[in-house]
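Beneath this line is the structure, given in structure tokens, with notes to follow.
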Amino acid sequence: MNSRKLLLVAIAVLIVGIVVYSLSTGKTTSYADDLRAERAEKDENYRTSAESPIKDKANFKGLNYFPADSSYEVFAKIEELDETKTFAVQMTGGQTENYTLFGKATFELQGKTCTLLVFESNEARTLFIPFKDVTAGKETYGGGRYLDIPEGDITGNRVTIDFNKAYNPFCAYSPEYTCPVPPKENNLPIAIRAGEQNFHE
Numbered sequence: 160m161n162s163r164k165l166l167l168v169a170i171a172v173l174i175v176g177i178v179v180y181s182l183s184t185g186k187t188t189s190y191a192d193d194l195r196a197e198r199a200e201k202d203e204n205y206r207t208s209a210e211s212p213i214k215d216k217a218n219f220k221g222l223n224y225f226p227a228d229s230s231y232e233v234f235a236k237i238e239e240l241d242e243t244k245t246f247a248v249q250m251t252g253g254q255t256e257n258y259t260l261f262g263k264a265t266f267e268l269q270g271k272t273c274t275l276l277v278f279e280s281n282e283a284r285t286l287f288i289p290f291k292d293v294t295a296g297k298e299t300y301g302g303g304r305y306l307d308i309p310e311g312d313i314t315g316n317r318v319t320i321d322f323n324k325a326y327n328p329f330c331a332y333s334p335e336y337t338c339p340v341p342p343k344e345n346n347l348p349i350a351i352r353a354g355e356q357n358f359h360e
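Numbers 160 to 360, taken from my numbering, label the letters of the sequence shown in order.
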């Protein structure tokens, strides 16, 4: 192969590399920007809303989050129950409340197969996943965190679960609230360093 052909091949490889890098970087930046905007909107809501769990709104500087990390977006298999089944969920006040069990989600993360029970939410066509991981009580709230998934996001029996959107229950901000405690079935044996962290006023 002569030098001219080698040069053309090198240029082609360089162009392909630049395009691939630009596309991948654009996606990551766009995702991080979208997530940053969502978090800023939530901070503003907590700072101004009458329903905010934050007591000292005047000095509220925002919630604490892990950086956006697309590795915590997982593609899960949903196994929906054939018939309605209730599940007694422990509450922080000591009582239990019955939640409608939708099914379970199974996915791979950090080399492990994980399963989470999925419940129907009080909000229409929204699924609710309370969970704990090994960061609970350390980097994240000891009572666990929550995920909400629009039921319409399920395609076939698959859905994307984005742990970057994991959020704290109101109990993380004030003991005045009563919140669902993640069932033992939803204790993950891995560290989920994504979503909201512990709140410190």
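Every residue, glycine too, gets a C-beta built ideally from N, C-alpha and C.
Predicted, not measured: the structure shown is a model, and the values here were computed from it.
Rounded straight-line distance, which links the Cα of residue j to that of residue i
{"i": "TYR180", "j": "VAL248", "result": "Low confidence applies here, because TYR180 scores a pLDDT of 41, under 50, leaving its location unreliable and the question unanswered by this model."}
{"i": "THR285", "j": "GLU310", "result": "5 Å"}
{"i": "LEU240", "j": "GLY262", "result": "5 Å"}
{"i": "LEU222", "j": "THR319", "result": "24 Å"}
{"i": "PHE278", "j": "THR314", "result": "17 Å"}
{"i": "LEU194", "j": "GLY303", "result": "21 Å"}
{"i": "ALA191", "j": "GLU256", "result": "36 Å"}
{"i": "ASN316", "j": "ASN327", "result": "27 Å"}
{"i": "PRO339", "j": "ASP307", "result": "14 Å"}
{"i": "TYR224", "j": "ASP202", "result": "11 Å"}
{"i": "SER230", "j": "SER189", "result": "15 Å"}
{"i": "LYS271", "j": "GLU335", "result": "37 Å"}
{"i": "LEU347", "j": "PHE246", "result": "19 Å"}
{"i": "ASP312", "j": "SER280", "result": "15 Å"}
{"i": "LYS220", "j": "ALA331", "result": "16 Å"}
{"i": "ASN218", "j": "GLN254", "result": "34 Å"}
{"i": "HIS359", "j": "GLU210", "result": "19 Å"}
Pair within 8 Å by beta-carbon distance, residue i and residue j
{"i": "ASN357", "j": "TYR305", "result": "no"}
{"i": "GLY354", "j": "ALA325", "result": "yes"}
{"i": "THR265", "j": "THR259", "result": "no"}
{"i": "ALA227", "j": "ASN323", "result": "yes"}
{"i": "PRO212", "j": "PHE287", "result": "no"}
{"i": "LEU276", "j": "ILE349", "result": "no"}
{"i": "THR337", "j": "THR243", "result": "no"}
{"i": "ARG352", "j": "GLU282", "result": "no"}
{"i": "ARG216", "j": "SER333", "result": "Per the sequence shown, residue 216 should be read as Lys rather than Arg. Not closer than 8 Å, so no."}
{"i": "ASP321", "j": "GLU197", "result": "no"}
Residue i - partner residues in DSSP beta bridges
{"i": "LYS317", "result": "Going by the sequence as given, residue 317 is Arg instead of Lys. Answer by DSSP bridge pairing, in chain order: LYS236, THR314."}
ask   = If you pair each beta-carbon of the stretch 201 to 212 with each one of the stretch 232 to 243, do three or more pairs fall below 8 Å?
value = Using a Cβ-Cβ distance cut-off of 8 Å, the stretch 201 to 212 and the stretch 232 to 243 are not in contact, since fewer than three pairs of beta carbons, one from each stretch, lie closer than that value.
Touch test, the stretch 287 to 298 against the stretch 334 to 345, Cβ-Cβ under 8 Å, three pairs minimum = They touch, by the three-pair rule.
ask   = Of all the beta strand (DSSP E) runs that stay within the bounds of the stretch 189 to 265, which reach a length of 3 or more residues?
value = For secondary structure counted as the beta strand (DSSP E) over 3 or more consecutive residues, the stretch 189 to 265 holds these complete runs in sequence order: 232 to 249.
ask   = Considering only residues of the stretch 276 to 359, which uninterrupted beta strand (DSSP E) runs meet the minimum length of 3 residues and lie entirely inside it, listed in chain order?
value = The DSSP assignment places complete beta strand (DSSP E) segments of no fewer than 3 residues inside the stretch 276 to 359 at 285 to 290, 304 to 309, 317 to 321, in order along the chain.
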